[in-house]
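To keep things clear, I will list the structure first and then write my remarks on it.
Protein chains: 4
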Amino acid sequence: MPRSVRQYEAIRKEKRELILDTALALFAENGFHQTSMEQIARKAGISKGLTYNYFESKNAVLAEILKKGFNAIYEHFDLNKDGLLTYPEFEFFIRQSFHVICKNMNFWKLYFSIMMQPVVTETYIQNYSETSEELIKILIRFLTDNGSENPAKDLFIISSLLKGAYLILVTSPVIMDEDLFVNYIMEGFQRIINHKYNNDL
Amino acid sequence: MPRSVRQYEAIRKEKRELILDTALALFAENGFHQTSMEQIARKAGISKGLTYNYFESKNAVLAEILKKGFNAIYEHFDLNKDGLLTYPEFEFFIRQSFHVICKNMNFWKLYFSIMMQPVVTETYIQNYSETSEELIKILIRFLTDNGSENPAKDLFIISSLLKGAYLILVTSPVIMDEDLFVNYIMEGFQRIINHKYNNDL
Amino acid sequence: MPRSVRQYEAIRKEKRELILDTALALFAENGFHQTSMEQIARKAGISKGLTYNYFESKNAVLAEILKKGFNAIYEHFDLNKDGLLTYPEFEFFIRQSFHVICKNMNFWKLYFSIMMQPVVTETYIQNYSETSEELIKILIRFLTDNGSENPAKDLFIISSLLKGAYLILVTSPVIMDEDLFVNYIMEGFQRIINHKYNNDL
Amino acid sequence: MPRSVRQYEAIRKEKRELILDTALALFAENGFHQTSMEQIARKAGISKGLTYNYFESKNAVLAEILKKGFNAIYEHFDLNKDGLLTYPEFEFFIRQSFHVICKNMNFWKLYFSIMMQPVVTETYIQNYSETSEELIKILIRFLTDNGSENPAKDLFIISSLLKGAYLILVTSPVIMDEDLFVNYIMEGFQRIINHKYNNDL
DNA sequence: CATGAATGAGAGTTCATTCAT
DNA sequence: GATGAATGAACTCTCATTCAT
């Protein structure tokens, strides 16, 4: 009995995932350049050649991994995708992003390490700048709606705080309590967003 | 007649610097693994072999670069090295560290990108953990002296903020105004350090 | 359809032999250190990289060659492997060992030359000391059974004669008649083993 | 005061010896190819360049070492150089050669290891074949004078025994008692030379 | 769909030798 | 005589990628 088209598709999808997961694990543990296609294939239990049946190149594997990472974070952004961010949606996004990172720490270690590489950065910027600009617009609107007098400035500070928190979370050798961590960050956001200059500053 | 010891020393120091600077520029531009010793030598106008007269290996070149970076930042920490951090010393350190980064942005891009690589991270941690622990002690003392009720927690938040700010500074494609940036961060520190819980939180 | 497991095995075995034979020829002709992997590959008609598909390193190629040599000689020792050496077995071993060496002179030139190298000697001693001790025990027993009053002494003299003969055979620029050579050595053994002290000494 | 010609000569000779001794020690310990000119110079406490002031090349250093070795052994052969070897002279030579080897074991390890290398062998044969043939003639005469009926055969057996003994002495991991060792070998010679066929063979 | 043998360009590294000083 | 910086060719080894089967 020949397999149906649907069965073939299922097999293909499964293998793709297998390769991606294996590659991710190895990239995260040893770094991208220290990981060979041979290692990936062997650990995945398939042949070297087959990998190239599913991905054009080693870089293509990486690109796919990064893409999945980006989506994993931003699928929780503006949940109903109406282009309007409410405060609950904002908080949900923050908490979810930390949750996602904590749940798959190794991936995010890799993600950050890769994102810092000069060439990758350029590639990434080209691919995702469109989406990024969309996000920025929504956030600016969100800050304005929440009473920010200088939303660009506040966005900048918020981004700093958020990225810094991700970084700490990912590079710290000690494992931190997720809830405590997020609560701190949320408190930081509240202070920035709700801040009014008073006489004590 | 052979050159004098002093002449040899001068040559060696100059060449070492030349190699380090060239390597840094290339590492920063193309990444560590994408840069070959051949490229470094060619750009420095010397032979490949000579590089190994000055550095044991490519990794040794990197290690030296990282060491210089670490020192460049931390020479401004606790300026009089008395183990006691005053608030002015703290502020001086923060402002200086941003200044140092801004002045040599390419280096610091590399520095951060390298620091994220799994293997490097381990090497680095082993080499610098001692110094780091010293720093942490001093900072804990500093926070306690400034009225912190939970200095470990506050240290954690401060570190997040600082590292995040460095990250943003270094990865942002737009060039930012240094003073504005530092002022913001300093304000963040003040809020964290001087913060008292009031009824509005 | 991929090749069958059997096909792959056949290919691997054939290529392995090809590489070993080629390497041996070159090592023997030019010496181990004067032979590069590139030369081996070129002479074998394959790519440099492929060599490393079959052997972990140049040293691994050498180790395999030495191992084969050791076995080639000692498979004729104590033919029925009962731990007891009869005189016919002894003579058979001597004659066979010379035969083996004469038949593949180049290999044995290399073998001896390699065995003298300081580093190799250590490696070899560690790998084969166990087997050697077994051999010594059997030979001591053999000499005792043949009336030796001081088997350690006689073993030493015999070993000297044998090793020296191998050495001469291998290093001599003139080609000697194998049978004549062996007969001489066998006579030497007889003189040593059957010697009875008489009044003329 | 400028140094006199004689002083310069003394310095040159001393330096030459220093380089030779140092090179020998390193060659013997690590092998010829594993020893660099840099190592030799550093261990000798001189500069790399100076080595080339005394020797044309690394190979020239080796050649000189080998030459000294050859002479060290054969200066004891046919002590009065009258072309006639008496039995006492023969015994003296054998005992002296073992003594020389035992006194400077490392050198002789190297010597044998080097002598086996294909290229070296050729060079050596060309340089010393003349001397060797002279030696052979004297030994044949010696054996004939001592009642040998087939001096070529006996020479061959004796040479085998001697070379084998040297080989064992040099490659054996255990240190042997020199006198015992020589006595064994001398006894072997006596057994071979004085052998008379009796009815038990 | 699947295999792994095979390639070839290029990496890091070593080192005998040269040469300006 | 003496130095060691400098060279450049050669080395061992790696690995992304191809392709016959």
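Chains as they are written, first to last, in our numbering: chain S, 1 to 201; chain P, 202 to 402; chain G, 403 to 603; chain D, 604 to 804.
The beta carbon of each residue, even a glycine, is placed where N, CA and C say it ideally should be.
Under a 10 Å Cβ-count criterion, Y611 of chain D is classified as exposed, with fewer than 16 other Cβ atoms of the shown protein chains found around its own Cβ.
Residue environment for V572 of chain G: buried (at least 16 other C-beta atoms within 10 angstroms of its C-beta). Against Y385 of chain P, the close residues of chain S are K153, F156, I157 and S160, in the order they occur along the chain (beta-carbon pairs closer than 9 angstroms).
Annotated as proximal: R418 of chain G and Y456 of chain G, with beta-carbon spacing under 7 angstroms.
Judged by DSSP secondary structure, G250 of chain P falls within the alpha helix (DSSP H) whose first and last residues are K249 to Y255. Minimum Cα-Cα distance from N104 of chain S among the listed residues S:E38, S:G83, S:T131 and S:I65 corresponds to S:I65. Your pair A165 of chain S and G389 of chain P does not check out as a contact, with CB atoms roughly 13 angstroms apart and the cut at 8 angstroms.
Contact between F695 of chain D and H679 of chain D holds, since their C-beta atoms are separated by about 7 angstroms, short of 8 angstroms. The C-beta distance from V785 of chain D to F701 of chain D rounds to 5 angstroms, short enough to meet the 8 angstroms contact threshold.
For L85 of chain S, no alpha helix (DSSP H) run applies, since DSSP gives it neither H nor E. Proximity of the region 538 to 555 of chain G to the region 480 to 488 of chain G meets the contact definition, three or more beta-carbon pairs being nearer than 8 angstroms. The C-beta of L162 of chain S has 16 or more other C-beta atoms within 10 Å across all chains shown, which makes the residue buried.
With fewer than 16 other CB atoms across the displayed protein chains lying within 10 angstroms of its CB, A462 of chain G is exposed. Distance from the Cα of Q436 of chain G is smallest, within the candidate group G:K460, G:I448 and G:S562, for G:K460. Counted as a single uninterrupted DSSP element, the stretch harbouring E350 of chain P is not any alpha helix (DSSP H), since DSSP gives it neither H nor E.
In this chain, the alpha helix (DSSP H) harbouring Q409 of chain G covers V407 to N432. For G69 of chain S, the enclosing alpha helix (DSSP H) covers residues K58 to Y74.
Close to chain P, meaning a Cβ-Cβ distance shorter than 8 angstroms, is no residue of the region 58 to 87 of chain S at all. For G45 of chain S, there is no enclosing alpha helix (DSSP H), as DSSP marks it with neither H nor E. Ranked by Cα distance from K268 of chain P, the options P:M316, P:G246 and P:R213 are led by P:M316.
Close partners of Q519 of chain G in chain D (Cβ separation under 8 angstroms): G634 and S716.
Using a Cβ-Cβ cut-off of 7 angstroms, K364 of chain P counts as an interface residue toward chain S, since at least one Cβ of chain S sits closer than that to its own.
In this structure, D:P754 is the residue among D:P754, D:M779, D:K712 and D:G634 with its C-alpha nearest to the C-alpha of N797 of chain D. What L368 of chain P touches in chain S, judged by beta-carbon distance under 7 angstroms, is K163, G164 and L167, going in chain order.
At a cut-off of 7 angstroms between C-beta atoms, G791 of chain D counts as an interface residue with respect to chain G. Cβ contact annotation for Q240 of chain P (same chain, cutoff 7 angstroms, sequence separation greater than five): L227, in chain order. Distance from T453 of chain G to I421 of chain G at the Cβ level is roughly 6 angstroms; contact confirmed, criterion being Cβ atoms closer than 8 angstroms. Listed along the chain, the chain G residues whose CB falls inside 8 angstroms of the CB of I697 of chain D amount to none; the nearest CB is some 12 angstroms away.
V785 of chain D: member of the alpha helix (DSSP H) spanning E781 to I796, first to last residue. When the alpha-carbon of S129 of chain S is set against those of S:F70, S:D177 and S:L143, the nearest one is in S:F70. At the C-beta level, K511 of chain G and Y787 of chain D stay beyond 7 angstroms of one another. With fewer than 16 other CB atoms across the displayed protein chains lying within 10 angstroms of its CB, R12 of chain S is exposed.
Secondary structure note for N709 of chain D: its alpha helix (DSSP H) is the uninterrupted segment M708 to M718. I771 of chain D is positioned such that its CB atom lies closer than 7 angstroms to that of S562 of chain G. With at least 16 other beta carbons inside 10 angstroms of its own, D681 of chain D counts as buried.
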